[in-house]
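Step one of this worksheet: look at the structure below.
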Amino acid sequence: MPILTLVPSGIKTEVAPGTNLLAAILAAGEKLVSKCGGEAKCGACHVYVNEGRKSLSKATKPEHAKLDEIVGVSSKSRLACQAQMGEEDVTVEILSFV
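To convert, note that position 79 of the sequence shown is 79 in full-length UniProt numbering; the numbers rise steadily by one, no gaps.
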């Protein structure tokens, strides 16, 4: 199984492919807010994917639309509630300003 590494905590956990990042992050014991129940409406679960971006599921139109509204978005940005793990290791940065 691929490994999800969380920055800055350094937590590493095995995650089954197809699991969304929000569920994996919470299961690993990290705190990450989601106010909309994972529907890409609030943007509170905005994270940076530092490594393994291509392994994740493709961003959907609702995810792109919400990211367009968020301050601090970069090419590494994803909504953790929408991005699903693939077959490769991924490193995610939990943003302190969320």
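C-beta atoms are modelled at their ideal positions from N, C-alpha and C, and glycine is treated no differently.
For residue i, the three-state DSSP class (helix, strand or coil)
i	result
residue 12	strand
Pair within 8 Å by beta-carbon distance, residue i and residue j
i	j	result
residue 56	residue 27	no
residue 59	residue 22	no
residue 63	residue 91	no
8 Å contact criterion, which residue i and residue j should meet: CB distance rounded
i	j	result
residue 48	residue 74	7 Å
residue 94	residue 7	7 Å
residue 3	residue 89	5 Å
residue 31	residue 42	16 Å between Cβ atoms; not a contact.
For the UniProt domain "2Fe-2S ferredoxin-type" (2 to 98), which segments carrying the beta strand (DSSP E) assignment without a break, of at least 3 residues, lie completely within its bounds, in sequence order? 3 to 7, 12 to 14, 46 to 51, 77 to 79, 90 to 94
Would you call the stretch 14 to 21 in contact with the stretch 65 to 73, where contact means no fewer than 3 C-beta pairs closer than 8 Å? With the cut-off at 8 Å, the stretch 14 to 21 and the stretch 65 to 73 do not touch.
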